[in-house]
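Protein chains in written order, with the working numbering: chain C, 1 to 158; chain L, 1 to 473. Have a look at the structure below, then the notes.
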């Protein structure tokens, strides 16, 4: 999904090191810039392109997934995979302070993911989250789901 | 005023470890003849029958070493106006301050948390260890730590968390130590949480530290400040601010300020570009290099970056060197989204720009950019000067050289005949060299150092500003 990458700037420093900037072109045409990062040499900067590109792409996908939530989309969106979008819905719900709002955000995606019956580690890998986050989100959804009748009844009085 | 005494191994319940007056200043063994006379943990003391009130103290022995076996959740029946005051005291003289008390959740993935909204805990000289997170996750609750240490006993992601309205950590002369390294970052601050650290360090006794701040910023945003902290434990492949910023949909206010901190040479500053006006990362006087500390500057906003450039690169030879002998320019790099509606704004870290009440002043700013870029005019590059009024010093005047809105503007004055710009030691070529003047003649100011705010409204350009700003008649 990264179609090209390059080092765009190497500013010298008195220390003998350089401040490097990087540019990544994505498959949908977007150009993402990164840096500055202090590097020892030109070769050092070039060698960082792959690992930096990987983390930059992940950042873009996460942002795209959050945009999907904002745009009320529940399928793969822009460069975000279906699983990343689903995780964004869960995480957005998880961060809601009100259980009712959290339930609304999580109720479509939660059951679909739980039906996969994966281990927490497998969920974390599927969703691209840390194990800790995966556990926290799953546990919170389980709590909401177990109280769904009360929460749904609340909807009736709003 | 009451005193609650704590030492691991204590068995006091109810008010068994609570005293209406301070103990005599003897050793713990002398003052307490039975374990039932003191509490096992801070948590137990805060659950005493007679609830801690303002003016009380919790004294924990410097020899206390709690292995709790489960999560620790500090609660209080009635929240006090002032913080709950907890001091580590000398096991040999129970009224004397001595750092050394230790509380560990132990167990697997156990949190050390505040469990009452609005509860503020202030600890002196205590080391806390959690096998999972430290949480200030209830609204307006906070940890205030002095001369203390937070130890992370598990490689969980984002191990210090502020996760509710106005929750906070403040660490003064304290340390964050990871016993196992971190996998996903050290801090996660969101929902309006605040983290502030002055002095101390972050480090790992085993493994390595990942990002300093990772994620967060959602549901109300984050405010994070580091002053004079040794952050050099965050090395290659890590970021001071990672995994947050490029989503306007998710990332709310980001306000990160780092000043006078020691860094590793190869740490990244900010991983993501920023997507909103409320996102700002500003770092000053922070470096891996002794010489660079006096002029280091980095700012990221949604319109691009601003950073120092020492005299190994492009700078103005007439610039006044910093004390260490380095001449420095400020390198402004705008991103593709920068424009008149989304200008890059930076308060120029200018030197020697003092205004005089004795006369009107004209502030002269020097800058250069590659001549292949769009010409710089008073439409796409201008300055504002804010300075105290000569009569009413509590009122600030504002002058600007910005062109009248919606006009085509005028190219800035060529300064190539007066200034000598260099690229390292060689004459700078292929660049336009400019100056711009902003006069205070309309309203004389007081003796002062003005605020000089630069605006760039041109996408994808790089401009170098001299840090020396002249005041001319």
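For glycine and all other residues, C-beta sits at the position ideal for the given N, C-alpha and C.
| query | result |
| --- | --- |
| So, do the region 432-445 of chain L and the region 277-296 of chain L have three or more beta carbon pairs nearer to each other than 8 Å? | no |
| Return the chain-ordered list of same chain residues with a C-beta closer than 8 Å to the C-beta of residue 76 (chain L), the five sequence neighbours on each side being excluded. | 46, 51, 52, 84, 116 and 119 |
| For residue 44 (chain C), name the three-state secondary structure that DSSP assigns. | helix |
| Please confirm if residue 63 (chain C) has its CB atom under 8 Å from at least one CB of chain L. | yes |
| So with CB distances below 9 Å, who are the chain C contacts of residue 307 (chain L)? | 11, 19 and 36 |
| Taking a cut of 7 Å between CB atoms, which residues from the region 208-223 of chain L lie near chain C? | 218 and 219 |
| Got a sec: is the Cβ-Cβ distance from residue 66 (chain C) to anything in chain L below 8 Å? | yes |
| Taking Cβ positions only, does residue 448 (chain L) come closer than 8 Å to chain C? | no |
| Under 7 Å Cβ to Cβ from residue 461 (chain L), same chain only, skipping five residues before and after it: list those, please. | 334, 369, 373 and 374 |
| Residues of chain L with a CB under 7 Å from the CB of residue 2 (chain C): which are they? | Ordered by position in chain L, no residue passes the 7 Å Cβ test against residue 2 (chain C), which lies about 15 Å from the chain. |
| For a contact meaning CB atoms closer than 8 Å, what does residue 39 (chain C) contact in chain L? | 266 |
| Buried or exposed, going by whether 16 or more other CB atoms sit within 10 Å of the CB of residue 91 (chain L)? | buried |
| Round the Cβ separation of residue 24 (chain L) and residue 62 (chain L) to the nearest angstrom and send it over; I've been treating them as touching at under 8 Å. | The Cβ separation is near 17 Å, so there is no contact. |
| In angstroms, rounded to a whole number, what distance separates the CA positions of residue 137 (chain L) and residue 411 (chain L)? | 53 Å |
| Taking DSSP as the reference, what is the three-state secondary structure of residue 453 (chain L)? | strand |
| Please classify residue 111 (chain C) as buried or exposed, where buried requires at least 16 other C-beta atoms within 10 Å of its C-beta. | exposed |
| Jot down the residue ranges of each uninterrupted beta strand (DSSP E) in the region 18-72 of chain C, minimum 3 residues, whole runs only, in chain order. | 18-26 and 31-39 |
| Tell me whether the beta-carbon of residue 52 (chain C) lies closer than 8 Å to the beta-carbon of residue 22 (chain C). | yes |
| So, does the region 15-35 of chain L touch the region 115-130 of chain C, judging by three or more C-beta pairs under 8 Å? | no |
| Give the range of the alpha helix (DSSP H) segment to which residue 295 (chain L) is assigned. | From DSSP, residue 295 (chain L) is part of no alpha helix (DSSP H); its letter is neither H nor E. |
| Strictly under 8 Å for the Cβ-Cβ distance: is residue 205 (chain L) near chain C by that measure? | no |
| Quick one: is residue 202 (chain L) near chain C, going by C-beta distance under 8 Å? | no |
| I want to verify the contact list: residues of chain C whose CB lies under 7 Å from the CB of residue 243 (chain L), in sequence order. | 59 |
| What residue range is occupied by the uninterrupted alpha helix (DSSP H) comprising residue 94 (chain C)? | 82-95 |
| What residues match up with residue 255 (chain L) in a beta bridge as DSSP calls it? | L:223 and L:280 |
| Going by beta-carbon coordinates alone, are residue 306 (chain L) and residue 346 (chain L) separated by less than 8 Å? | yes |
| Does any CB atom of chain L fall closer than 8 Å to the CB of residue 84 (chain C)? | no |
| Can you tell me whether DSSP reads residue 231 (chain L) as helix, strand or coil? | coil |
| How about residue 14 (chain C): is its C-beta nearer than 8 Å to some C-beta of chain L? | yes |
| Do residue 77 (chain C) and residue 144 (chain C) come within 8 Å of each other at the CB atom, strictly closer than that value? | no |
| How is the beta strand (DSSP E) around residue 306 (chain L) delimited, first residue to last? | 304-309 |
| Taking only three categories from DSSP, how would you classify residue 433 (chain L)? | strand |
| Measure from the C-beta of residue 109 (chain C) to each C-beta in chain L and report whether the shortest distance is under 8 Å. | no |
| Residue 144 (chain L) by DSSP, collapsed to three states: which one? | strand |
| Answer yes or no: does any C-beta atom of chain L fall closer than 8 Å to that of residue 130 (chain C)? | yes |
| Quick one: is residue 339 (chain L) near chain C, going by C-beta distance under 8 Å? | no |
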